[in-house]
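Protein chains in written order, with this note's numbering: chain S, 1 to 327; chain R, 1 to 327.
2 protein chains.
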Amino acid sequence: MMDDAGLPEDVPLAAVRRGELVESVHRGRFAFCDPEGSELEVRGDPEAYVYLRSSAKPFQALPLILSGAADAFGLTGEELAVACASHNAEEPHVAAVGSILEKAGLSEDDLQSGVHPPMYGPAAAELIRRGEEPRPIHGNCSGKHAGMLAVCVHEGFETLDYRDPGHPLQRRILGLIAEVCGVEEDEVLIAGDNCGVPAFALPLRSFATGLARIATGEGLPDRLAGAALRIRDAMRAFPFMVAGTGRFDTELMERTHLLVKGGADAVLAVGDPEGWGMALKISDGSHRAVRPVALAALGHMGVQVGDGDSIVRGLHGETVGEIGPLI
Amino acid sequence: MMDDAGLPEDVPLAAVRRGELVESVHRGRFAFCDPEGSELEVRGDPEAYVYLRSSAKPFQALPLILSGAADAFGLTGEELAVACASHNAEEPHVAAVGSILEKAGLSEDDLQSGVHPPMYGPAAAELIRRGEEPRPIHGNCSGKHAGMLAVCVHEGFETLDYRDPGHPLQRRILGLIAEVCGVEEDEVLIAGDNCGVPAFALPLRSFATGLARIATGEGLPDRLAGAALRIRDAMRAFPFMVAGTGRFDTELMERTHLLVKGGADAVLAVGDPEGWGMALKISDGSHRAVRPVALAALGHMGVQVGDGDSIVRGLHGETVGEIGPLI
């Protein structure tokens, strides 16, 4: 259900408390689905669209496996994981991205991932100390772009315009997302992501279903199931490469058996290899609400990681509040 | 009206659009009131409480004037403005805070404002380049703390425990906030702010009324009116000192005749010297929604600053979306 302004129906999911009061509140939606698309638990409207943003990266990496590029270039598990990453630009991330490019016969100059300072504060500070400007390889999406470029080289596609929605690689990714999530291609809405490649939007329920299929391999034709499980296993084997120090995706994969990939504007994709996928969107795009809501929602599905409360500390280290789930 | 979870009634105020869809939405509340407390325009529940956070700084600076400390120490307009600031720690801010301390016979060692990197990226980078750690004087609240310390010295209050809610200065500030906003002291709820001094919560309507009084001097006894207008005039005369490069408070004061002070978790206080105050709270605490919502709301009151739309750009400089008001 959408209201007059085109806003999906959502519900309060987390409260930021300070003293006796709720200071701020975060609304949102989530859906748990099995590989057949059946809803296991839902809050808010599961049919309304959500931009997958970087939570699409495991889907966007499928052509690396399916094309044979990963094998042809001898990509390692760490390199496959960083191709699915929103990474911190810590040294292992930058090294792995550089290695993908080198194996594909390319260089940093071929990356069109845009420039922003490393997400990890100490990595950003280290660049400043060295008197260096951030480069595209430091962008959190550089592994995805390196993976895309490797597919282009392997397939003989043009590498100069690989970001274009009409480029054969981007058309292939669109087809794969539609197929894995069980929708028609024209049901996938496309806009621009901040790093310059297509951003995909789907109904929340279809997104959750696709995650269930990526995480389990179920509900997919054999060629896709094998590729999905190889992506899943690389991310699970190298959770640091998918995000990095202090990041929730890395923490949650290290502490559980789950597949986890967050995205900008507070999207989270989780897949349980034992049978379901979850898609979460905090309506206001606030990252701080993702962890407490996700841990509480996972608890409903029997995955106990903690109670989801997060202490908010002041500058003197004192407790000034907490962010807790409302579910 | 509060729902079962203690959440105030709010309304959608801004939408983040990407491509054909609303990607994210920000809800909130605002109230415009005149100095008598009459509501001029309201969205959401005006009676529900809101933490003033740093929007309280103009109130917290009143004792500087009322005690005579500002005159005794010969504080300049820039120094009064930085005492009301959430500043960027650019060189003029740090110099003004240092000057307040020096005039009061104190030093940086007396500041208990806590440590965080300068809010202004280039100032933070400059510290790193110089191999220096951030100090309390770089904290955005250091001017407020320096002002509080100056009052303590002038009044003969203890300076070691000035952050304590029971300290005579903090008791005095509580009394002033209650008096200016037209509520009883026990109606003001107190918690800890992140910089370690009390954070005050009031009904949104009372907060807006207090701002109308600070901005106009109306509805206040003479001693308070004079102090309020002196604070207002210092902030209006030196908008850079209140925030800094690229900051909305500074921009809005430079472009209008208004008094403007933002606060953490997306609070905004605006006062029109010609007759009203506005208090705004974005329910989810997202700073990005403050500007478009404030500009749209101000437009309703006849203050035309722009249409409130803000382009969201990708890393290649291209337009990927916009944040626009829903009011």
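The beta carbon of each residue, even a glycine, is placed where N, CA and C say it ideally should be.
Q) Taking Cβ positions, are Phe240(R) and Gly77(R) nearer each other than 7 Å? A) As a first step, residue 240(R) must be located in the second sequence, where it is residue number 240. As a first step, residue 77(R) must be located in the second sequence, where it is residue number 77. Contact flag unset, no.
Q.
Would you say Met1(S) lies against chain R (beta-carbon separation less than 7 Å)?
A. Indexing the first sequence from 1 puts residue 1(S) at position 1. Because Met1(S) sits at a pLDDT of 49, beneath the cut-off of 50, its placement in the model cannot be relied upon, and the point is left open.
**Q.** Counted within 10 angstroms of its Cβ, other Cβ atoms place Leu160(S) as buried (16 or more) or exposed
**A.** Numbered from its first residue, the first sequence carries residue 160(S) at position 160. Exposed is the call here.
Q: Keeping to the same chain, check which residues put their C-beta closer than 7 Å to that of Met1(S); ignore five residues upstream and five downstream.
A: Residue mapping note: residue 1(S) aligns to position 1 of the first sequence, counting from 1. Summary for Met1(S): the model assigns pLDDT 49, below 50, so the residue's position carries little reliability, and this model does not support an answer.
**Q.** Candidates Arg223(S), Arg172(S) and Pro35(S), of which the one nearest Pro404(S) by Cα
**A.** Residue 404(S) lies beyond the residue range present for chain S, which begins at 1 and ends at 327; the question has no answer from this structure.
Q: Could you check how far apart the C-beta atoms of Gly80(S) and Ala234(S) are, in whole angstroms? I think they sit under 8 Å.
A: Here residue 80(S) refers to the residue found at position 80 when the first sequence is read from its first residue. Here residue 234(S) refers to the residue found at position 234 when the first sequence is read from its first residue. For the record, residue 80(S) in the displayed sequence is Leu; it is not Gly. Rounded, the Cβ-Cβ distance is 4 Å, consistent with contact.
(Q) Could you check whether the Cβ of Lys261(S) sits closer than 6 Å to any heavy atom belonging to the ligand NAD? (A) The model depicted lacks the ligand NAD and carries no ligand whatsoever.
Q.
Quick test of the definition: if touching needs 3 or more C-beta pairs under 8 Å, does the stretch 140 to 152 of chain R touch the stretch 79 to 97 of chain R?
A. yes
(Q) Comparing C-alpha positions only, which one of Glu41(R), Leu52(R) and Leu101(R) sits nearest to Ala70(R)? (A) If you number the second sequence from 1, residue 70(R) lands on position 70. The option with the nearest alpha carbon to Ala70(R) is Leu101(R).
**Q.** Opening and closing residue of the beta strand (DSSP E) in which His26(R) lies
**A.** Position 26 of the second sequence, counting from 1, holds the residue named residue 26(R). That run of the beta strand (DSSP E) goes Leu21 to Cys33.
Q. Taking Cβ to Cβ, would you say Phe207(R) is nearer than 7 Å to Val188(R)?
A. For this step, residue 207(R) is matched to residue 207 along the second sequence. For this step, residue 188(R) is matched to residue 188 along the second sequence. Against a cut-off of 7 Å, the Cβ pair of Val188(R) and Phe207(R) comes out as no contact.
Q: Check the Cβ-Cβ distances between Asn194(R) and every residue of chain S, and say whether any is below 7 Å.
A: Counting from 1 along the second sequence, the entry for residue 194(R) is found at position 194. Interface residue, yes.
Q. Are the stretch 305 to 319 of chain R and the stretch 43 to 58 of chain S touching, with three or more C-beta to C-beta distances below 8 Å?
A. In the pairwise beta carbon analysis, the stretch 305 to 319 of chain R is classified as not touching the stretch 43 to 58 of chain S: fewer than three pairs are separated by under 8 Å.
Q. Expressed to the nearest angstrom, what Euclidean distance is found between the alpha-carbon atoms of Met278(R) and Ser38(S)?
A. For this step, residue 278(R) is matched to residue 278 along the second sequence. For this step, residue 38(S) is matched to residue 38 along the first sequence. Each residue's alpha carbon lies about 48 Å from the other.
Q: Output, in chain order, the set of chain R residues within a Cβ distance shorter than 8 Å of Leu268(S).
A: Counted from its first residue, the first sequence places residue 268(S) at position 268. Within chain R, no residue comes near Leu268(S); the closest Cβ sits about 14 Å away, beyond 8 Å.
Q: Would you mind listing the beta strand (DSSP E) stretches within the stretch 124 to 209 of chain S that are 3+ residues and don't spill past its ends, in chain order?
A: Listed in chain order, the beta strand (DSSP E) elements of length 3 or more contained wholly in the stretch 124 to 209 of chain S are 189 to 192 and 198 to 203.
**Q.** Per-residue DSSP class, three states only, for Pro8(S)
**A.** As a working note, residue 8(S) is residue 8 in the first sequence. The answer is strand: DSSP assigns Pro8(S) an E or B state.
(Q) Our contact map puts Ser24(S) next to Asp284(R) with C-beta atoms below 8 Å; I'd like the distance itself, whole angstroms only. (A) On the first sequence, residue 24(S) is found 24 positions in, with the first residue counted as 1. On the second sequence, residue 284(R) is found 284 positions in, with the first residue counted as 1. With 8 Å as the limit, Ser24(S) and Asp284(R) qualify as a contact, their Cβ atoms being about 6 Å apart.
(Q) Here's a check: name, in chain order, each residue in its chain whose Cβ is nearer than 6 Å to the Cβ of Arg17(S), leaving out the five neighbours to either side. (A) Taking the first residue of the first sequence as position 1, residue 17(S) is located at position 17. Closer than 6 Å at Cβ, skipping near neighbours: Gly321 and Glu322.
Q: Just the chain R side, please: which residues come within less than 9 Å of Leu189(S) by C-beta, in chain order?
A: Start at 1 with the first residue of the first sequence, and residue 189(S) comes out as number 189. The contacting residues are Gly19, Glu20 and Leu21.
Q: Name, please, each residue of chain S whose Cβ falls closer than 7 Å to the Cβ of Pro325(R).
A: Position 325 of the second sequence, counted from the first residue, corresponds to residue 325(R). Neighbours of Pro325(R) on chain S: none; closest Cβ ~11 Å, over 7 Å.
Q.
Between the alpha carbons of Ser67(S) and Cys152(S), how many angstroms are there, rounded?
A. Translated into positions along the first sequence, residue 67(S) becomes position 67. Translated into positions along the first sequence, residue 152(S) becomes position 152. Answer to the nearest angstrom: the Cα atoms are 10 Å apart.
**Q.** Local Cβ density within 10 Å of Ser107(R), reported as buried at 16 or more and exposed below that
**A.** In the second sequence, the residue the question calls residue 107(R) occupies position 107. When all chains shown are included, Ser107(R) counts as exposed.
Q. Going along the stretch 276 to 290 of chain S in order, which residues come within less than 9 Å of chain R, judged by CB to CB distance?
A. Lys281, Ile282, Ser283, Asp284, Gly285, Ser286, Arg288 and Ala289
Q | 7 Å Cβ cutoff met for Val42(S) and Ala31(S) | A | Counting from 1 along the first sequence, the entry for residue 42(S) is found at position 42. Counting from 1 along the first sequence, the entry for residue 31(S) is found at position 31. Closer than 7 Å, so yes.
Q. Whole-angstrom Cβ separation of Pro12(R) and Leu7(S), contact assumed at under 8 Å?
A. Position 12 of the second sequence, counting from 1, holds the residue named residue 12(R). Position 7 of the first sequence, counting from 1, holds the residue named residue 7(S). So it is a contact: roughly 6 Å between Cβ atoms.
Q) Excluding five sequence neighbours on each side, which residues of the same chain lie with their C-beta closer than 7 Å to the C-beta of Tyr353(S)? A) With chain S represented from 1 up to 327, any question about residue 353(S) goes unanswered, as that position is not in the structure.
Q | Residue(s) in a DSSP beta bridge with Gly306(R) | A | To locate residue 306(R), count along the second sequence from 1; it is residue 306. BP columns for Gly306(R) are empty, so no partner.
Q | Residues of its chain near Met253(S), where Cβ-Cβ distance is below 8 Å and the 5 sequence neighbours each way are ignored | A | Position 253 of the first sequence, counting from 1, holds the residue named residue 253(S). Excluding residues within five positions, the ones whose Cβ falls inside 8 Å are Met235, Arg236, Pro239, Val242, Leu259 and Val260.
**Q.** Residue range of the alpha helix (DSSP H) that includes Asp109(S)
**A.** The sequence position of residue 109(S) within the first sequence is 109, counting from 1. First-last for Asp109(S): undefined, no H or E at that position.
Q) CA-CA distance, His93(R) and Leu111(R)? A) Counted from its first residue, the second sequence places residue 93(R) at position 93. Counted from its first residue, the second sequence places residue 111(R) at position 111. Between His93(R) and Leu111(R), the C-alpha separation is close to 15 Å.
Q. Using a Cβ-Cβ distance under 7 Å, would Val320(S) count as near chain R?
A. As a position in the first sequence, residue 320(S) is number 320, starting the count at 1. Yes, its Cβ sits closer than 7 Å to a Cβ of chain R.
Q. Cα separation between Thr256(S) and Val305(S)?
A. Position 256 of the first sequence, counting from 1, holds the residue named residue 256(S). Position 305 of the first sequence, counting from 1, holds the residue named residue 305(S). Their Cα atoms are separated by approximately 8 Å.
Q. Does the Cβ of Thr250(R) have 16 or more other Cβ atoms within 10 Å, making it buried, or fewer, making it exposed?
A. Stepping through the second sequence from its first residue, residue 250(R) is reached at position 250. Thr250(R) comes out buried.
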